[in-house]
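Asks: Residue numbers (the working numbering), protein chains in the order written: chain A, 686 to 897; chain B, 686 to 897; chain C, 2 to 334; chain D, 2 to 334.
Cβ coordinates follow ideal geometry from the N, Cα and C atoms, glycine included.
Take this structure first; my questions come after.
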Amino acid sequence: MTDAVTLAGLRAWVQGFAALVAEQKEKLTALDAAIGDADHGINMDRGMTAVLAALDSDDTLTSAAALFKKVGMTLVSSVGGASGPLYGTFFLRLGMACGDVDSLGPEDLAKALRAGLDGVVARGKAEAGDKTMYDALAPAIDALDDALDSGNGLREGMAAAVTAAESGRDATTPMLARKGRASYLGERSVGHQDPGATSSALLIRAAATALG
Amino acid sequence: MTDAVTLAGLRAWVQGFAALVAEQKEKLTALDAAIGDADHGINMDRGMTAVLAALDSDDTLTSAAALFKKVGMTLVSSVGGASGPLYGTFFLRLGMACGDVDSLGPEDLAKALRAGLDGVVARGKAEAGDKTMYDALAPAIDALDDALDSGNGLREGMAAAVTAAESGRDATTPMLARKGRASYLGERSVGHQDPGATSSALLIRAAATALG
Amino acid sequence: MKKLINDPATVVNEALLGIEAAHPELRVDHENKVVIRGDAPVSGKVGLVSGGGSGHEPLHGGFVGPGMLDAACAGEVFTSPVPDQMLAATKAVDGDAGVLHIVKNYTGDVMNFEMAAELAAAETGVDVVSVVTDDDVAVKDSLYTAGRRGVGVTVVLEKIAGAAAEQGRPLNDVAEMAKLVNANGRSMGMALTSCTVPAAGKPTFELGEDEMEIGIGIHGEPGRERVPLAPAKQVAEMLVEPIVSDLPFGRGDGVIAFVNGMGGTPLIELYLMYNEVARILDGNGIQVARSLVGPYITSLEMAGCSVTLVKVTDDLVELWDAPVKTPALRWGV
Amino acid sequence: MKKLINDPATVVNEALLGIEAAHPELRVDHENKVVIRGDAPVSGKVGLVSGGGSGHEPLHGGFVGPGMLDAACAGEVFTSPVPDQMLAATKAVDGDAGVLHIVKNYTGDVMNFEMAAELAAAETGVDVVSVVTDDDVAVKDSLYTAGRRGVGVTVVLEKIAGAAAEQGRPLNDVAEMAKLVNANGRSMGMALTSCTVPAAGKPTFELGEDEMEIGIGIHGEPGRERVPLAPAKQVAEMLVEPIVSDLPFGRGDGVIAFVNGMGGTPLIELYLMYNEVARILDGNGIQVARSLVGPYITSLEMAGCSVTLVKVTDDLVELWDAPVKTPALRWGV
Ligand SMILES: Nc1ncnc2c1ncn2[C@@H]1O[C@H](COP(=O)(O)OP(=O)(O)O)[C@@H](O)[C@H]1O
Ligand SMILES: Nc1ncnc2c1ncn2[C@@H]1O[C@H](COP(=O)(O)OP(=O)(O)O)[C@@H](O)[C@H]1O
Ligand SMILES: [Mg+2]
Ligand SMILES: [Mg+2]
Ligand SMILES: [Mg+2]
Ligand SMILES: [Mg+2]
Numbered sequence: 686m687t688d689a690v691t692l693a694g695l696r697a698w699v700q701g702f703a704a705l706v707a708e709q710k711e712k713l714t715a716l717d718a719a720i721g722d723a724d725h726g727i728n729m730d731r732g733m734t735a736v737l738a739a740l741d742s743d744d745t746l747t748s749a750a751a752l753f754k755k756v757g758m759t760l761v762s763s764v765g766g767a768s769g770p771l772y773g774t775f776f777l778r779l780g781m782a783c784g785d786v787d788s789l790g791p792e793d794l795a796k797a798l799r800a801g802l803d804g805v806v807a808r809g810k811a812e813a814g815d816k817t818m819y820d821a822l823a824p825a826i827d828a829l830d831d832a833l834d835s836g837n838g839l840r841e842g843m844a845a846a847v848t849a850a851e852s853g854r855d856a857t858t859p860m861l862a863r864k865g866r867a868s869y870l871g872e873r874s875v876g877h878q879d880p881g882a883t884s885s886a887l888l889i890r891a892a893a894t895a896l897g
Numbered sequence: 686m687t688d689a690v691t692l693a694g695l696r697a698w699v700q701g702f703a704a705l706v707a708e709q710k711e712k713l714t715a716l717d718a719a720i721g722d723a724d725h726g727i728n729m730d731r732g733m734t735a736v737l738a739a740l741d742s743d744d745t746l747t748s749a750a751a752l753f754k755k756v757g758m759t760l761v762s763s764v765g766g767a768s769g770p771l772y773g774t775f776f777l778r779l780g781m782a783c784g785d786v787d788s789l790g791p792e793d794l795a796k797a798l799r800a801g802l803d804g805v806v807a808r809g810k811a812e813a814g815d816k817t818m819y820d821a822l823a824p825a826i827d828a829l830d831d832a833l834d835s836g837n838g839l840r841e842g843m844a845a846a847v848t849a850a851e852s853g854r855d856a857t858t859p860m861l862a863r864k865g866r867a868s869y870l871g872e873r874s875v876g877h878q879d880p881g882a883t884s885s886a887l888l889i890r891a892a893a894t895a896l897g
Numbered sequence: 002m003k004k005l006i007n008d009p010a011t012v013v014n015e016a017l018l019g020i021e022a023a024h025p026e027l028r029v030d031h032e033n034k035v036v037i038r039g040d041a042p043v044s045g046k047v048g049l050v051s052g053g054g055s056g057h058e059p060l061h062g063g064f065v066g067p068g069m070l071d072a073a074c075a076g077e078v079f080t081s082p083v084p085d086q087m088l089a090a091t092k093a094v095d096g097d098a099g100v101l102h103i104v105k106n107y108t109g110d111v112m113n114f115e116m117a118a119e120l121a122a123a124e125t126g127v128d129v130v131s132v133v134t135d136d137d138v139a140v141k142d143s144l145y146t147a148g149r150r151g152v153g154v155t156v157v158l159e160k161i162a163g164a165a166a167e168q169g170r171p172l173n174d175v176a177e178m179a180k181l182v183n184a185n186g187r188s189m190g191m192a193l194t195s196c197t198v199p200a201a202g203k204p205t206f207e208l209g210e211d212e213m214e215i216g217i218g219i220h221g222e223p224g225r226e227r228v229p230l231a232p233a234k235q236v237a238e239m240l241v242e243p244i245v246s247d248l249p250f251g252r253g254d255g256v257i258a259f260v261n262g263m264g265g266t267p268l269i270e271l272y273l274m275y276n277e278v279a280r281i282l283d284g285n286g287i288q289v290a291r292s293l294v295g296p297y298i299t300s301l302e303m304a305g306c307s308v309t310l311v312k313v314t315d316d317l318v319e320l321w322d323a324p325v326k327t328p329a330l331r332w333g334v
Numbered sequence: 002m003k004k005l006i007n008d009p010a011t012v013v014n015e016a017l018l019g020i021e022a023a024h025p026e027l028r029v030d031h032e033n034k035v036v037i038r039g040d041a042p043v044s045g046k047v048g049l050v051s052g053g054g055s056g057h058e059p060l061h062g063g064f065v066g067p068g069m070l071d072a073a074c075a076g077e078v079f080t081s082p083v084p085d086q087m088l089a090a091t092k093a094v095d096g097d098a099g100v101l102h103i104v105k106n107y108t109g110d111v112m113n114f115e116m117a118a119e120l121a122a123a124e125t126g127v128d129v130v131s132v133v134t135d136d137d138v139a140v141k142d143s144l145y146t147a148g149r150r151g152v153g154v155t156v157v158l159e160k161i162a163g164a165a166a167e168q169g170r171p172l173n174d175v176a177e178m179a180k181l182v183n184a185n186g187r188s189m190g191m192a193l194t195s196c197t198v199p200a201a202g203k204p205t206f207e208l209g210e211d212e213m214e215i216g217i218g219i220h221g222e223p224g225r226e227r228v229p230l231a232p233a234k235q236v237a238e239m240l241v242e243p244i245v246s247d248l249p250f251g252r253g254d255g256v257i258a259f260v261n262g263m264g265g266t267p268l269i270e271l272y273l274m275y276n277e278v279a280r281i282l283d284g285n286g287i288q289v290a291r292s293l294v295g296p297y298i299t300s301l302e303m304a305g306c307s308v309t310l311v312k313v314t315d316d317l318v319e320l321w322d323a324p325v326k327t328p329a330l331r332w333g334v
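In structure tokens form, the structure reads like this:
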């Protein structure tokens, strides 16, 4: 059996993420209303809707690099706010790391995801425990690495990543925000789940569904 | 028995009116909220409070003319809105008609009240049925005249005046306003009791209590 | 009631203290609650006095200064000032060229200004001429009412009459200009919410979440009719159509177009409304010579807006463009 | 949700159409949602570009014009604009003297302007310097947060930097002036009500009839603490005390004192608040050199206010007094 991820699979991941964001739009916005400015769902949905349109209208996306560059640029150009540059940078770095290929193996995918995460950190300087999307993404990618290292296939690795992302997301609730708008609330940010961590958990879930 | 009205009685009338206005302040404002701008009770109470202060602080008020001039000027200078000039003019004309006396008989009082009413009309051009204070004052003064003409004393006359004022006041409810702010509402003014007619009924009631 | 105040009884006096502190170029007569141009009386210049109930800020105190009003009398919230105030204002701005009283057509305002004019005639020799604004087309069959209310046109009139006075024109000219503006101006307003008179403590009327009032005045009075909430495009039509058909305004007419905020509506919505109004005017072949967008004649914290159109000739536009230096309107200086 | 809009999705675009229609002296790039000074680029002059989420009007578009900004980028409501917009704005105002980016300190604004500066460096040779405003003292221990928010000082900074640029000063001077204003400015805000993001449809937070939020920003974010409603006098103390003790401001200091309305609070209350603020400053021996009272950096229809103090020297006051001609601030011309 081969675990190789195809371009079609990567597209399906992006489209699946767009679908989950659209479905969870109100939820994400409500979470942002509690500790931010009530627009995270609106922002992400605006961005992923633009991404879907961009993918449809562009048939030059014949490599992982091209595909994710398109996704990243589209997010940067349509989302705004904190999540635009952050998700945008994630996909731009992801694409660069994937390179000009139309299929890649689990280890390469894991490396590329890590590169995307590094991009988020480079842009936003978030650390573990700051109550941001990092707290969902980082554990997920660590879990994927561990699974693959211990000889599991992509399906198992992705399943582990989803579990890690979602417990990472849930773990943001008791955290005191140190980045983004939520940090302005000080103690009052405690007890609320971070919207960005929540959308990032959707990103990982979509990956598992499409690639796992 | 003498029906002559003394200066003390006239003062008591003014003070009684002030007391009733203070007591009915919210009611008058609520009526004005429905078809006006929610300030009639506030306006009248501000004015009559100023009047009480003026009467206390002034010991030159040794004639009906002086007393009512003071009341009228104080209302003009402290109430504003439509009711300030209207009630102010009422008392100014009332005082001029009473003249430099410290007591006067029922007929003279009735004549003076009529002069006050004429002042209201001169200032505001209201006619019967316009849904204004006129619709309470005019029937009251007519009733007083009739009672005195048919040989009744001041007490009976004043009792008749109160009845007439209050039915005049109630009769404003179905009227379509043709003067003042309420007239802007057109049909929507129908079904609401006129605030000014309501305060005028209090004026007559206070007169009956003090002079009747 | 949620307001940034200390005591409902002292709102007006305290706001006047704030105006005095924020605008050293103005004088405030606190006893009479009159905001006065710092260099008043300007000798040889017609003095412009306006005033009315408070709660419409910046009207009128925010329009005191070179090129506009010489003095503004502040009444209690939504209650006309008293004659003593107008008399004091008239004396303060009398530069021996006469004084113009600018009065919004409300029974209380008209009667109090009338008494003030009578007192001024008796006490001082000063010539006083009064102009009354009555531009609100929401008031129908005005023959059987107190007449139309004075609303948005008052702002345009005070600017244009102020410019005429600043040019040294005689009292009658200035009054004529003022009447011309009123005769050629029409307004219509609407509300999304009511407002609360501080001394009353609760909203003047209640509006459902899905309702709006069309044809309101500027005193939290209920309007002519209550209708379901509608998109800005339709609201603009409900306001502009009756204005245009009333004067009427026709193809080729030039206008000053004024979209006014009622106090609680943010600027982003007013600009959006202005876009709709401009489209409708364009569709009717009406040319916008000048425009004004913002909260200039308000009704406390009421959410809503009004539209005012004034048909203008070149000389009126010139007077509109003339320098003005007041807290709320300032250009050319 | 009661708003004068057509569709939550098009509020910003339609408001920009209104701004364009109402202000012929400005240009609007609708594709990039940028308001541009009509005569831009002014060759030899440093170009000033700002921008941010919409819903703060008149900030920033209302401050575009001679003596202030050259261009303003409008993001979605409460959402930072995207780099493409800032890049387009930067190109539009590049007069070969460099471009200053004025950025309010929010993670999104900072990161998007950063990306725009990177793109500008890559695509065009233009020098871009960025200044970030972070004056909100409500944000405590800012070392462990995204830092303090940029609020009221932004208005003062844009006016003063705009005047410096208009004088033909070089990019670094203009940037220094801007940083000086931010370094010497502090703000604090409060809310009586929440506000509703059109696309969200319901208030960002709920406040009881007897509660207020102290230490709010300008995005309907909840504040630092929720306290019982208090008289204006105490509200003024809650806002001014933390500002004065933070910089700190001391006896003899001269300041620009700015009482800002959040969008839903009427001017009469803002003047009343200004009176309280002026008293407190007076009690602290702080001299008010200049003042500004009104809704200049708002949070949609939120009721509330903020206080901003900027310590000024004579040369800053001179720049503040310099001519400015924008929709929202206009004097000296
Ligand atoms: N510095 C940062 N690093 C990583 N993630 C961040 C950072 N700042 C904010 N975020 C994420 O962005 C989310 C908010 O996104 P969004 O609401 O779309 O932007 P904005 O805060 O500008 O309105 C937060 O929930 C958080 O997860
Ligand atoms: N032209 C008029 N003639 C007689 N009474 C009038 C006239 N206009 C108004 N009123 C009376 O004044 C009352 C309103 O007074 P008030 O609310 O104090 O003044 P305002 O309408 O200026 O707020 C009305 O209820 C009506 O009885
Ligand atoms: Mg957000
Ligand atoms: Mg009334
Ligand atoms: Mg009134
Ligand atoms: Mg945002």
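Could you tell me which chain B residues have their CB closer than 7 Å to the CB of C:V198, listed as they occur along the chain?
Replies: Within the third sequence, residue 198 of chain C is the residue found at index 197, counting from 1. Result: A723 and D724.
Asks: With a threshold of 7 Å (Cβ to nearest heavy atom), would B:G721 be considered close to ligand 2?
Replies: Indexing the second sequence from 1 puts residue 721 of chain B at position 36. Yes.
Asks: What does C:M189 touch in chain B if you count any residue whose Cβ is under 8 Å from its own?
Replies: Within the third sequence, the letter at position 188 stands for residue 189 of chain C. By Cβ distance, chain B contributes nothing, its closest Cβ being about 13 Å from C:M189, past 8 Å.
Asks: Which residues of chain D have a Cβ atom closer than 7 Å to the Cβ of A:L777, listed in chain order?
Replies: One-based indexing of the first sequence puts residue 777 of chain A at position 92. Going along chain D, no residue has its Cβ under 7 Å from A:L777, so there is no contact; the nearest lies around 10 Å.
Asks: Along chain C, which residues have their Cβ under 8 Å away from the Cβ of D:P232?
Replies: As a position in the fourth sequence, residue 232 of chain D is number 231, starting the count at 1. Going along chain C in sequence order, the residues near D:P232 (Cβ under 8 Å) are I6, N7 and D8.
Asks: Looking at the unbroken beta strand (DSSP E) that takes in C:K4, where does it start and where does it end?
Replies: Translated into the one-based positions of the third sequence, residue 4 of chain C becomes position 3. Counting along the chain, C:K4 falls outside any beta strand (DSSP E), and DSSP gives it neither H nor E.
Asks: Step through the CB atoms of chain A and report whether any lies within less than 8 Å of the CB of D:E302.
Replies: Taking the first residue of the fourth sequence as position 1, residue 302 of chain D is located at position 301. Answer no: the Cβ-Cβ gap between D:E302 and chain A never drops below 8 Å.
Asks: Would you call C:H57 buried or exposed, if buried means 16 or more other Cβ atoms sit within 10 Å of its Cβ?
Replies: Counted from its first residue, the third sequence places residue 57 of chain C at position 56. With 16 or more Cβ atoms within 10 Å of its Cβ, C:H57 is classed as buried.
Asks: Can you tell me the Cβ-Cβ gap for B:G780 and B:A749, rounded? I've got them flagged as a contact below 8 Å.
Replies: To locate residue 780 of chain B, count along the second sequence from 1; it is residue 95. To locate residue 749 of chain B, count along the second sequence from 1; it is residue 64. With 8 Å as the limit, B:G780 and B:A749 qualify as a contact, their Cβ atoms being about 6 Å apart.
Asks: Sort out for me which residues DSSP pairs D:W332 with in a bridge.
Replies: Locating residue 332 of chain D in the fourth sequence gives position 331, counting from the first residue. D:V325.
Asks: Do we get a CB-CB distance below 8 Å when we pair C:G19 with the residues of chain D?
Replies: Walking along the third sequence from the start, residue 19 of chain C turns up at place 18. Output row for C:G19: interface = yes.
Asks: Specify, as a first and last residue, the run of the beta strand (DSSP E) that C:F114 falls within.
Replies: The residue given as residue 114 of chain C occupies position 113 in the third sequence. C:F114 -> not in any beta strand (DSSP E); alpha helix (DSSP H) instead, spanning T108 to E124.
Asks: Select from D:V35, D:V157 and D:D128 the residue whose C-alpha is nearest the C-alpha of D:L320.
Replies: Locating residue 320 of chain D in the fourth sequence gives position 319, where the first residue counts as 1. Checked all of D:V35, D:V157 and D:D128; the closest Cα to D:L320 is D:V157.
Asks: Using 8 Å as the threshold, is the C-beta distance between A:L713 and A:M729 below it?
Replies: Against the first sequence, residue 713 of chain A aligns to sequence position 28. Against the first sequence, residue 729 of chain A aligns to sequence position 44. Yes. Within cutoff.
Asks: Leaving out five residues on either side along the sequence, give the residues of the same chain with a beta carbon under 6 Å from the beta carbon of B:A689.
Replies: By 1-based counting over the second sequence, the position of residue 689 of chain B is 4. The residues are S788 and G790.
Asks: According to DSSP, is A:C783 helix, strand or coil?
Replies: Taking the first sequence and counting its residues from 1, the one referred to as residue 783 of chain A is at position 98. Three-state result, A:C783: helix.
Asks: Quick one: is B:M686 buried, meaning 16 or more other Cβ sit within 10 Å of its Cβ, or exposed?
Replies: As a first step, residue 686 of chain B is located in the second sequence; it is residue number 1 there, counting from the start. Its pLDDT being 40, under 50, B:M686 is placed unreliably by the model, and the measurement read from it follows with that caveat. Exposed, by the Cβ-count rule.
Asks: Excluding sequence positions up to five away, which residues of its chain have a Cβ less than 6 Å from the Cβ of B:D815?
Replies: Taking the first residue of the second sequence as position 1, residue 815 of chain B is located at position 130. Answer for B:D815: R863 and K864, listed in chain order.
Asks: Any heavy atom of ligand 6 closer than 7 Å to the beta-carbon of C:D8?
Replies: As a first step, residue 8 of chain C is located in the third sequence; it is residue number 7 there, counting from the start. C:D8 Cβ: outside cutoff for every heavy atom of ligand 6.
Asks: Under the three-state reduction of DSSP, which class applies to D:G255: helix, strand or coil?
Replies: One-based indexing of the fourth sequence puts residue 255 of chain D at position 254. In this structure, D:G255 counts as strand in the three-state DSSP scheme.
Asks: Within 10 Å of its beta-carbon, does C:L144 have 16 or more other beta-carbons around it, so buried, or fewer, so exposed?
Replies: Position 143 of the third sequence, counted from the start, is the residue given in the question as residue 144 of chain C. Per the 10 Å Cβ criterion, exposed.
Asks: Is DSSP giving D:G221 helix, strand or coil here?
Replies: As a position in the fourth sequence, residue 221 of chain D is number 220, starting the count at 1. DSSP places D:G221 in coil when its eight states are reduced to three.
Asks: Assuming D:A89 and D:V129 make a contact with CB atoms under 8 Å, what is their CB distance in whole Å?
Replies: Within the fourth sequence, the letter at position 88 stands for residue 89 of chain D. Within the fourth sequence, the letter at position 128 stands for residue 129 of chain D. No, D:A89 and D:V129 are not in contact; Cβ-Cβ is about 13 Å, not under 8 Å.
Asks: What are the residues that DSSP puts in a beta bridge with C:Q288?
Replies: In the third sequence, the residue the question calls residue 288 of chain C occupies position 287. DSSP lists C:G255 as partners of C:Q288.
Asks: Taking B:H725 as part of the alpha helix (DSSP H), name the residues at either end of that continuous run.
Replies: As a position in the second sequence, residue 725 of chain B is number 40, starting the count at 1. B:H725 -> alpha helix (DSSP H) spans H725 to S742.
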